[in-house]
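Peer 1: Going letter by letter, the sequence shown gives residues 16 to 160 in my numbering.
Built from N, CA and C at the ideal position, the CB exists for glycine as well.
The structure follows.
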Amino acid sequence: MVTMGAIVTRRLREGKTYEDFRKRWFHTTGFASENRMFSLINIEDPREIIVIGLTESSMEDLLEKLRIDVKERLENPLDEVIEPEIGRTFGVMVSEDDFSSEGSIEYSDPSIRGKKTDVSEILGNIQDIRSTFAKAALERDEAKK
């Protein structure tokens with residue numbers, strides 16, 4: 016199981032609002048796994064929308080999860096709401112850390128939900144993960160033609 020992270024930035028077209036974006040962007044099909052998305056408005060440029068997504072998946076199911084997102088975007092294009100340039104950054108989560116307590120915090124090894132992370136295993140899967148994302152992007156681009 017891996018937890019994938021995505022940071023996607025889009026800029027609203029002149030005269031469009033976050034609500035215009037949200038109505039087009041909102042997913043009508045779930046991923047059938049742990050998935051959370053956080054939408055932010057850039058404080059330096061309120062027309063820039065930043066979406067941070069975290070999706071848990073097995074390596075075997077990763078392409079199918081990406082295809083759900085591709086299908087959503089093809090069925091609900093954002094072209095009328097956002098400018099053409101989209102920033103995309105993808106990664107694999109290696110640790111989640113909670114620094115909300117007051118006072119000193121003791122160092123801990125990387126872990127997710129209390130389970131120690133095998134960073135070398137993640138690094139060993141990076142190429143496969145990159146290939147899976149590239150395949151999904153190619154499928155998306157081909158379907159848009």
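I'd like the ranges of any beta strand (DSSP E) spanning at least 3 consecutive residues and lying wholly in the stretch 45-122.
Peer 2: Correct list: 50-56, 63-72, 97-107.
Peer 1: Could you give the first and the last residue of the continuous beta strand (DSSP E) run that contains ARG25?
Peer 2: Start at 1 with the first residue of the sequence shown, and residue 25 comes out as number 10. First-last of the beta strand (DSSP E) with ARG25: 17-27.
Peer 1: Are there 16 or more other CB atoms within 10 angstroms of the CB of ALA151, so buried, or fewer, so exposed?
Peer 2: What you label residue 151 is simply residue 136 of the sequence shown in a count that begins at 1. Under this definition ALA151 is a buried residue.
Peer 1: What does SER161 pair with, by DSSP beta-bridge criteria?
Peer 2: Residue 161 is absent from the model: the chain starts at 16 and stops at 160.
Peer 1: Buried or exposed: LEU93, going by 16 or more other Cβ atoms within 10 Å of its Cβ?
Peer 2: As a position in the sequence shown, residue 93 is number 78, starting the count at 1. Under this definition LEU93 is a buried residue.
Peer 1: Quick check: VAL96 and ILE137, are their CB atoms within less than 8 Å of each other?
Peer 2: Numbered from 1 along the sequence shown, position 81 holds the residue referred to as residue 96. Numbered from 1 along the sequence shown, position 122 holds the residue referred to as residue 137. Contact: no.
Peer 1: If you compare alpha carbons, which of GLU29, TYR122, TRP40 is closest to ILE83?
Peer 2: As a first step, residue 83 is located in the sequence shown; it is residue number 68 there, counting from the start. The shortest Cα separation from ILE83 among GLU29, TYR122, TRP40 belongs to TRP40.
Peer 1: Between THR18 and LEU69, is the Cβ-Cβ spacing less than 8 Å?
Peer 2: Reading the sequence shown from its first residue, position 3 is the one you call residue 18. Reading the sequence shown from its first residue, position 54 is the one you call residue 69. Yes, the Cβ-Cβ distance between THR18 and LEU69 is below 8 Å.
Peer 1: Kindly list the residues whose CB is nearer than 8 Å to the CB of GLU87, restricted to its own chain and excluding five residues on each side of it in sequence; keep chain order.
Peer 2: Along the sequence shown, read from residue 1 onward, the residue named residue 87 stands at position 72. If we look at GLU87 and ignore the five residues flanking it on each side, its Cβ neighbours are HIS42, THR43, THR44.
Peer 1: Quick one, which of VAL134, TYR33, ASP113 has its alpha-carbon nearest ARG128's?
Peer 2: Against the sequence shown, residue 128 aligns to sequence position 113. Taking only the C-alpha atoms, the option nearest ARG128 is ASP113.
Peer 1: Measure the C-alpha to C-alpha separation of GLU157 and LYS130 and round it to an integer number of angstroms.
Peer 2: Within the sequence shown, residue 157 is the residue found at index 142, counting from 1. Within the sequence shown, residue 130 is the residue found at index 115, counting from 1. Rounded to whole angstroms, GLU157 to LYS130 spans 39 Å at the Cα level.
Peer 1: For ARG148, does the three-state DSSP call read helix, strand or coil?
Peer 2: Numbered from 1 along the sequence shown, position 133 holds the residue referred to as residue 148. It is worth fixing the name first, because residue 148 is Phe in this sequence and not Arg. Looking at PHE148 - three-state DSSP - the assignment turns out to be helix.
Peer 1: Return the Cβ separation of ILE101 and ARG25 in integer angstroms, given the expectation that the two are a contact with Cβ distance under 8 Å.
Peer 2: By 1-based counting over the sequence shown, the position of residue 101 is 86. By 1-based counting over the sequence shown, the position of residue 25 is 10. About 5 Å; that satisfies the 8 Å criterion.
Peer 1: Please work out which residues of its chain come closer than 8 Å, Cβ to Cβ, to GLU63, disregarding the five sequence neighbours upstream and downstream, and give them in chain order.
Peer 2: By 1-based counting over the sequence shown, the position of residue 63 is 48. Here the set comprises THR24, ARG25, ARG26, LEU27, ILE56, ASN57.
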